[in-house]
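Q: A single structure is presented below for examination.
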Amino acid sequence: MRKIINSTYISLDGVIENPQNWTSAYFQDEAAAYASELLFSCDAMVMGRTTYDGFSEVWPAMEEATGDFGVRMNTIEHVVVSDTLDKPTWSNTTVVRRADAVAEIGALKERDGQDILQYGFGAVTRTLIEGGLLDELRLWIHPVIVGTGDPAELLARKDFAAAFEPAGTTAFKSGVLIATYVPTGR
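For the sequence shown, our numbering gives the first residue as -9, with consecutive numbering after it.
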């Protein structure tokens, strides 16, 4: 069975929003190779509407600058969980309604293929965890305190709890640590 792998950038103070503002200094060759290996080990991507809007706006114009990585981002199967998106413009995109997300993504997981990737941590991730579908959480811990602290920008959200156990770590010379966890079901 395919795994669903969540990959989320996080600061030391728990910020996950707007990583483009605080991660670039740490994204060097090791991180690029890891990110590429992860992306190419997957053939589908699950996301919410906010991630879709950001990615679909940026990635179609990034192929020349990012090469094979950009091509893969644009051609991989995109599954968007949204009750408001009706006409996706990004190639290879399927929209799944929130009420059907666990069943539809569960069926996607059962299909033959490579693993499934999800970037960022939000409502879709919580749905995946609560539905028993998320297999790995990879937190890219960046050695920076962003200092915003707005609850909407943090990993933790009110009325959501989950338990994980460690499954491995990867450390980069830049100071970024990728901590991999698997849900324990508790």
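All residues carry an ideal CB built from backbone N, CA and C; glycine is no exception.
If you're wondering where the values come from, they're calculated on a predicted model, not measured in any experiment.
On a Cα-Cα basis, can you pick out the residue from 116, 11, 32 that is closest to residue 66?
A: Answer by Cα proximity: 32.
Q: Along the beta strand (DSSP E) that carries residue 161, what are the first and last residues, could you check?
A: That run of the beta strand (DSSP E) goes 154 to 161.
Q: Let me know if residue -3 comes out buried or exposed under the rule of 16 or more other beta-carbons within 10 Å of its beta-carbon.
A: That one is buried.
Q: May I ask you to report which of helix, strand or coil DSSP gives residue 112?
A: Residue state, collapsed to three classes: coil.
Q: To the nearest angstrom, report how far apart residue 42 and residue 70 are at their CA atoms.
A: The straight-line gap from Cα to Cα measures roughly 7 Å.
Q: My assumption, with CB atoms under 8 Å, is that residue 37 sits in contact with residue 108. Please give the rounded CB distance.
A: Correct: roughly 6 Å between the Cβ atoms.
Q: Counting only the same chain and skipping the five closest in sequence on each side, list residues whose C-beta sits under 6 Å from that of residue 20.
A: Only 162 meet the Cβ criterion.
Q: Determine the contact status of residue 178 and residue 122, defining contact as a CB-CB distance below 8 Å.
A: Coverage of the chain is limited to positions -9 through 176, which leaves residue 178 absent and any answer about it impossible.
Q: Under DSSP, the beta strand (DSSP E) around residue 7 begins and ends at which residues?
A: Element bounds for residue 7: n/a, residue is neither H nor E.
Q: Mapping DSSP to helix, strand and coil, what is residue 146?
A: In this structure, residue 146 counts as coil in the three-state DSSP scheme.
Q: Let me know the secondary structure DSSP gives residue 82 once reduced to three states.
A: Correct three-state label for residue 82: coil.
Q: Going by Cα to Cα distance, which pick from 83, 61, 47 is closest to residue 53?
A: When each option's Cα is compared against that of residue 53, the closest is 61.
Q: What do you get for residue 1, buried or exposed, if any count of 16 or more other CB atoms within 10 angstroms of its CB means buried?
A: Buried is the call here.
Q: Rank 96, 113, 155, 135 by C-alpha distance to the C-alpha of residue 73 and give the top, closest one.
A: Residue 113 is the option with its Cα nearest to residue 73.
Q: For residue 66, which of helix, strand or coil comes out of DSSP?
A: In this structure, residue 66 counts as coil in the three-state DSSP scheme.
Q: Cβ of residue -6 within 8 Å of Cβ of residue 167?
A: No, Cβ-Cβ distance for residue -6 and residue 167 is not below 8 Å.
Q: Which residues in the same chain as residue 142 place their Cβ atom closer than 8 Å to its Cβ, once the five residues preceding and following it in sequence are excluded?
A: Closer than 8 Å at Cβ, skipping near neighbours: 7.
Q: Consult DSSP for residue 1 and reduce its assignment to one of helix, strand or coil.
A: Strand, per DSSP.
Q: What number of angstroms, rounded off, separates the C-alpha of residue 106 from the C-alpha of residue 34?
A: So the two alpha carbons sit approximately 5 Å from each other.
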